[in-house]
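Mapping of the sequence shown onto this note's numbering: position 65 corresponds to residue 88, and the numbering continues sequentially without gaps. A virtual CB, placed ideally from N, CA and C, is assigned to each residue, including glycine. See below for the structure under consideration.
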Amino acid sequence: MARRGENVRKRTDGRWEGRYIEKYDSNGKACYRSVYGSSYTDVKNKLKEHKKVTSNVSIINIENLCNEWLESKALTVKQSTYTNYYSVINNHIIPYFKNRKARYLTNENVELFINEKTVKLSEKTVHDIIVLLKQVIKFAVSKKYIEYFDFNVGQPKVKTKELSILSNYEHNKLINYIQLTFNINKIGVLLSLFMGVRIGEVCALKWEDVNFQTETLRINKTMQRIKNLDENAGTKTKIVIDTPKSQKSIRDIPIPSFMVDLMKKYKTGKDKYLLTGTVQFIEPRVYQDMFKTYLNEAEIEDINYHALRHTFATRAIEQEFDIKSLSEILGHSSVKFTLERYVHPSEEHKRKNMEKMSVFY
Numbered sequence: 024m025a026r027r028g029e030n031v032r033k034r035t036d037g038r039w040e041g042r043y044i045e046k047y048d049s050n051g052k053a054c055y056r057s058v059y060g061s062s063y064t065d066v067k068n069k070l071k072e073h074k075k076v077t078s079n080v081s082i083i084n085i086e087n088l089c090n091e092w093l094e095s096k097a098l099t100v101k102q103s104t105y106t107n108y109y110s111v112i113n114n115h116i117i118p119y120f121k122n123r124k125a126r127y128l129t130n131e132n133v134e135l136f137i138n139e140k141t142v143k144l145s146e147k148t149v150h151d152i153i154v155l156l157k158q159v160i161k162f163a164v165s166k167k168y169i170e171y172f173d174f175n176v177g178q179p180k181v182k183t184k185e186l187s188i189l190s191n192y193e194h195n196k197l198i199n200y201i202q203l204t205f206n207i208n209k210i211g212v213l214l215s216l217f218m219g220v221r222i223g224e225v226c227a228l229k230w231e232d233v234n235f236q237t238e239t240l241r242i243n244k245t246m247q248r249i250k251n252l253d254e255n256a257g258t259k260t261k262i263v264i265d266t267p268k269s270q271k272s273i274r275d276i277p278i279p280s281f282m283v284d285l286m287k288k289y290k291t292g293k294d295k296y297l298l299t300g301t302v303q304f305i306e307p308r309v310y311q312d313m314f315k316t317y318l319n320e321a322e323i324e325d326i327n328y329h330a331l332r333h334t335f336a337t338r339a340i341e342q343e344f345d346i347k348s349l350s351e352i353l354g355h356s357s358v359k360f361t362l363e364r365y366v367h368p369s370e371e372h373k374r375k376n377m378e379k380m381s382v383f384y
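The structure is reproduced here in structure tokens:
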């Protein structure tokens, strides 16, 4: 005998029908599906089987969904990438949605969430949240926790910061300072200023990466400090040395002749780090602080270490490097990125070009 609330009934054609929730649509509304049988017991048994399969649809909440997605990524992405995912989810997504069911992820609710974050956070952070949330929603759809919906929340345009570069005067002043006070630690500054090497790449370099026969420098790893997700660890952060963020970042850079001569004087064992000449490394955060000290001692206005790489790219353009070569030296994904992101003519270079118009007066 059918009971009230069971969603089981006997049809006029003599068959029995049972209804169950198969999924939820983009508005969170339940979508039902029917099973049929010749008897009440037959339909009840069929409903039990279907409810086993679809139980997660109504049970899983957004926190568990996010953690399940994170687990699926643990072995497929770099530690640093996973840590970024973990931070976005635990600092922004889970605190907002809390224990709401996965079916709460609708266009309207996601838009409310993004609007709130847009008021409080930078364009870059909001952009990262949207990109990650799209992946989580796609995962939820693939698991049939929710029905597919067109995620049309607009992404904020991330403003590209115009990085500062050293003027010609500051450039020369820094080089003079390094020449007068040179030690092996300062070789990293030269690698960034004359070869465009990133600070994380500089810190990870060992002497085995220097090929004196071909006079090239092999860039195939980078160093960074990330959040330590191991609850039993004694430290909140840890150093990770891994391959660079993209395949294009793995590259061989020709070493300028003056640097080849300089590096030969300080060469040590292949397993030693370039910046120290020992098995002990200098991490990026510490090297950034050391660079600030160099600037202070050289009486140069404070700038971020990455400005050295930016200065290299700008000087290379001024010296008429071909863009394709420069893009490969910098390890960029495309020539377009090199032009748009890093190459900005200096005021001095623009003025020099404008003076060429004087011949027409």
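State the DSSP-derived secondary structure class of residue i, mapped to helix, strand or coil.
i           : result
residue 364 : helix
residue 260 : strand
residue 221 : coil
residue 100 : coil
residue 211 : helix
residue 328 : coil
residue 62  : coil
residue 278 : coil
residue 57  : strand
residue 10  : As shown, the chain starts at 24 and ends at 384. That puts residue 10 outside it, with no answer to give.
residue 169 : coil
residue 268 : coil
residue 245 : strand
residue 382 : helix
residue 138 : helix
residue 239 : strand
residue 84  : strand
residue 302 : coil
residue 254 : coil
residue 123 : coil
residue 191 : helix
residue 4   : Since the first and last residues shown for the chain are 24 and 384, residue 4 lies out of range.
residue 42  : strand
residue 293 : coil
residue 374 : helix
residue 32  : strand
residue 132 : helix
residue 175 : coil
residue 234 : strand
Can you round the beta-carbon distance between residue i and residue j to whole angstroms, since I take them to be within the 8 Å contact cut?
i           : j           : result
residue 174 : residue 149 : Going by Cβ atoms, the distance from residue 174 to residue 149 rounds to 14 Å, so no, they are not a contact pair.
residue 249 : residue 158 : About 20 Å separates the two Cβ atoms, so there is no contact after all.
residue 155 : residue 228 : The Cβ separation is near 32 Å, so there is no contact.
residue 219 : residue 335 : 4 Å
Could you say which of the options lies nearest to residue i if we only look at CA atoms?
i           : options            : result
residue 242 : 266, 63, 248       : 266
residue 121 : 87, 324, 312       : 87
residue 113 : 89, 139, 234       : 89
residue 276 : 325, 240, 110, 233 : 240
residue 197 : 350, 326, 358, 336 : 326
residue 317 : 303, 35, 212, 30   : 212
residue 268 : 280, 353, 163, 34  : 353
residue 223 : 253, 272, 300      : 272
residue 170 : 130, 383, 191, 147 : 130
residue 387 : 34, 95, 91, 92     : A question about residue 387 goes unanswered here, because the residues of the chain that appear run from 24 up to 384.
residue 69  : 36, 100, 30, 104   : 30
residue 119 : 152, 146, 147, 251 : 152
residue 355 : 201, 380, 221, 204 : 221
residue 214 : 280, 253, 165      : 280
Determine, using beta carbons only, whether residue i and residue j come nearer to each other than 8 Å.
i           : j           : result
residue 331 : residue 186 : no
residue 307 : residue 377 : no
residue 161 : residue 230 : no
residue 85  : residue 128 : yes
residue 188 : residue 333 : yes
residue 40  : residue 61  : no
residue 168 : residue 116 : no
residue 38  : residue 59  : yes
residue 358 : residue 346 : yes
residue 63  : residue 55  : no
residue 193 : residue 305 : no
residue 361 : residue 349 : yes
residue 283 : residue 235 : yes
residue 286 : residue 225 : no
residue 238 : residue 278 : yes
residue 262 : residue 244 : no
residue 163 : residue 125 : yes
residue 351 : residue 274 : yes
Check whether the region 100 to 110 and the region 130 to 145 are in contact - that is, three or more C-beta pairs closer than 8 Å. No: the two stretches stay apart, fewer than three of their Cβ pairs being nearer than 8 Å.
**Asked** Any contact of the region 201 to 212 with the region 299 to 314, i.e. 3+ C-beta pairs under 8 Å?
**Response** A contact exists between the region 201 to 212 and the region 299 to 314.
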